[in-house]
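Presented below is the structure to which this report refers.
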Amino acid sequence: MESETSSSVDEQVVAGRGGADTRGKHRILAELNRVEQEIKFLEDGLGELQGIDNVSTMCEELLRRIETIPDPLVPL
């Protein structure tokens, strides 16, 4: 009877290891998918930022024009 109990415990431990390994693989794959999604998101954001160069140039030009015009509400 004792040998039956120990063998069933051993089988549960072995089965538990296999289950944990499967969950470990699933967690790794889930983390990999999350990282791949984050990479894609960052690449898309980088692509958008590369197109913003012209906007910053336009802002600089606008700022120069605004600075040359005196503000009518500020006394000289």
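Sequential numbering of the sequence shown, starting at 71, is according to this note's numbering.
Note that the Cβ used here is the ideal one computed from N, Cα and C, for glycine as well.
Note that the coordinates shown come from a computational prediction; the quantities given were computed from them, not determined experimentally.
(message) Measuring only the C-alpha atoms, how far is Q82 from I109?
(response) Caution is warranted here: a pLDDT of 49 is assigned to Q82, below 50, making its placement in the model unreliable, and the coordinate value is therefore given only provisionally. The alpha-carbon atoms of Q82 and I109 are separated by roughly 40 angstroms.
(message) So, with DSSP's three-state summary, where would you put V144?
(response) coil
(request) Look up G121 in the DSSP assignment and say whether it is helix, strand or coil. (result) coil
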